[in-house]
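Inspection log for the structure reproduced underneath, given as structure tokens.
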Amino acid sequence: MQELSLHAYSAATRHATLTKVLSGITGMAPDAFTSQHLVYAPKAGRQIPGVPSSGDLYYIQLYSRVPEATSSPTSSPTSTPTMATATATAAAAGATAGAGAGEVVMAGAGAQGAKGEDTVMGEGGDKQKEEKKKREWVIKFEDLPEVTKKPVVSRYVMHAPVYLGDGVALVEALGYRLVRPYHQHNLRWIHHNVVITLSRIILSNPGEEEVLLDETGGWAVKAEVRVLASTDVESVAGAIAELRALQGVLRGVCELELVERLALDPRVR
């Protein structure tokens, strides 16, 4: 599936205005939810069938919407978590930046194995492990954006729901290791064929308070349209037209832009 998108950053001071404008444009209240993301990298020495040993390797993700009953009171998408010190946030940001880029691609020194994974994620106990296994996980892959003259970001993406079994065990069996878990607060609107998402990443370590990756409380903004194939010229042209129209409507409130393709590079370094 081909994803066409525009991106922006919205400061915390503009958040209330932006959400009101988006609700007015779309005629809907935002779908507010928290999602859990597990970022995986290929294990050392892993060979992928059909990919030469010198070929690029990519991070992949498992993600799942967190059931409201298991969300903590401080993890509401419309609230600001208690902030730790700037030093702690800077350290978290530095660890996160090492994994490569993308909508939600983070990395760090994660532990391997069931016990280590629970330690990193702060989900101790058999009950939490069983809840994680029963989650409706989706495997997510994003390619490097195309080199193109289109006025939007264009790249191949794949989202594959895990319908049966343990998604975490499946990804590990495919030769991947966990490098960073995190949670993400999201606000989502639908405008015709455009999906508009405001998100911000929450990091937490055992025994520590949750901290925003962006300590200023800003939100990443993404407007996207997906089409079945980049060769479907009519659908691609229609998607670009819708994104450009939304870009014009939001000008002055949120500046949707074409971002540098290497800023969304999901390859393992």
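Numbering follows numbering that gives the first Met the number 0, in which position 57 of the sequence shown is assigned residue number 56; successive positions increment by one, without gaps. Virtual Cβ for every residue (Gly too), placed ideally from N, Cα, C.
Handout entry: The alpha helix (DSSP H) enclosing Glu223, as first and last residue numbers
Key = Segment 218-226 is the beta strand (DSSP E) holding Glu223; no alpha helix (DSSP H) there.
Handout entry: Length at least 3, wholly inside the stretch 191-221: the beta strand (DSSP E) runs in chain order
Key = Runs of the beta strand (DSSP E) spanning 3 or more residues and lying entirely within the stretch 191-221 occur at 193-202, in chain order.
Exercise for the section: Return yes when the Cβ of Thr33 is within less than 8 angstroms of the Cβ of His182, no when it is not. Expected result: A contact, by the Cβ cut-off of 8 angstroms.
Exercise for the section: Would you identify the three-state DSSP class for Leu263, choosing helix, strand or coil? Expected result: Helix at Leu263.
Practice task
Could you spell out where the beta strand (DSSP E) holding Leu270 opens and where it closes?
Solution key: Limits of the chain in this structure are 0 at one end and 268 at the other, which puts residue 270 out of reach.
Handout entry: Inter-residue CB distance, Ala219 and Arg199 (contact presumed, cutoff 8 angstroms)
Key = Yes, Ala219 and Arg199 are in contact; Cβ-Cβ is about 7 angstroms, under 8 angstroms.
Exercise for the section: Express the C-alpha separation of Val232 and Lys42 in angstroms, rounding to a whole number. Expected result: Annotation: Lys42 to Val232 spans about 38 angstroms, alpha carbon to alpha carbon.
Problem - Cβ neighbour criterion (16 or more within 10 Å) applied to Lys19 - result: Burial call: exposed.
Problem - the stretch 233-249 touching the stretch 190-199, judged by at least three CB pairs closer than 8 angstroms - result: Contact between the stretch 233-249 and the stretch 190-199 is established, with three or more Cβ pairs separated by less than 8 angstroms.
Handout entry: Coarse secondary structure for Ser234, derived from DSSP in three states
Key = Helix.
Problem - Under the three-state DSSP convention, the category Pro76 falls into - result: Interpretation of Pro76 is limited by its pLDDT of 49, a score under 50 that renders its predicted location unreliable; the figure taken from the coordinates is listed afterwards. Coil, per DSSP.
Problem - Same chain, Cβ closer than 8 angstroms to Arg13, neighbours up to 5 away in sequence not counted - result: Around Arg13: Val252, Cys253.
Practice task
Would you mind stating whether Arg225 and Met27 have Cβ atoms separated by less than 8 angstroms?
Solution key: No. Outside cutoff.
Practice task
Check whether the Cβ atoms of Glu310 and His191 sit closer than 8 angstroms, and answer yes or no.
Solution key: There is simply no residue 310 to check, as the chain begins at 0 and stops at 268 in what is shown.
Problem - For Val65, three-class secondary structure by DSSP - result: Three-state DSSP puts Val65 in coil, outside helix and strand.
Handout entry: Continuous alpha helix (DSSP H) stretch holding Ala172: start and end
Key = Counting along the chain, the alpha helix (DSSP H) containing Ala172 begins and ends at 166-172.
Practice task
Check Thr147 in the structure and name its three-state DSSP category.
Solution key: In the structure shown, Thr147 sits in coil (DSSP, three-state: anything other than H, G, I, E or B).
Practice task
In angstroms with no decimal places, state the Cα-to-Cα distance between His36 and Asp264.
Solution key: His36 and Asp264 have their alpha carbons spaced roughly 18 angstroms apart.
Practice task
Assign Ala40 to one of two classes, buried (16 or more other C-beta atoms within 10 Å of its C-beta) or exposed (fewer than that).
Solution key: The residue is buried, with at least 16 neighbouring Cβ atoms inside 10 Å.
Practice task
With DSSP as the reference, label Lys139 as helix, strand or coil.
Solution key: Strand at Lys139.
Handout entry: Residue burial classification, Glu344 (beta-carbon count within 10 angstroms, cutoff 16)
Key = With the chain covering 0 to 268 only, the question about residue 344 has no answer from this structure.
Problem - Distance between Arg268 and Tyr162 (C-alpha atoms, nearest Å) - result: Roughly 31 angstroms separates the two Cα atoms.
Practice task
Could you work out which residue in Ala7, Ile24, Trp136, Phe140 is closest to Ile59 when comparing CA atoms only?
Solution key: Distance check between Ile59 and each of Ala7, Ile24, Trp136, Phe140 places Phe140 closest, using alpha-carbon atoms only.
Handout entry: N-terminal and C-terminal residue of the beta strand (DSSP E) that Thr33 is part of
Key = In the DSSP assignment, Thr33 falls within the beta strand (DSSP E) that extends over 30-41.
Handout entry: As assigned by DSSP and simplified to three states, the class of Ser229
Key = In the displayed model, Ser229 falls within coil according to three-state DSSP, outside both helix and strand.
Handout entry: Cα-Cα separation between Ala222 and Arg266, rounded to whole angstroms
Key = So the two alpha carbons sit approximately 23 angstroms from each other.
Handout entry: Bridge-paired residues (DSSP) for Ala159
Key = Note: Ala159 sits in a beta bridge opposite Ile138.
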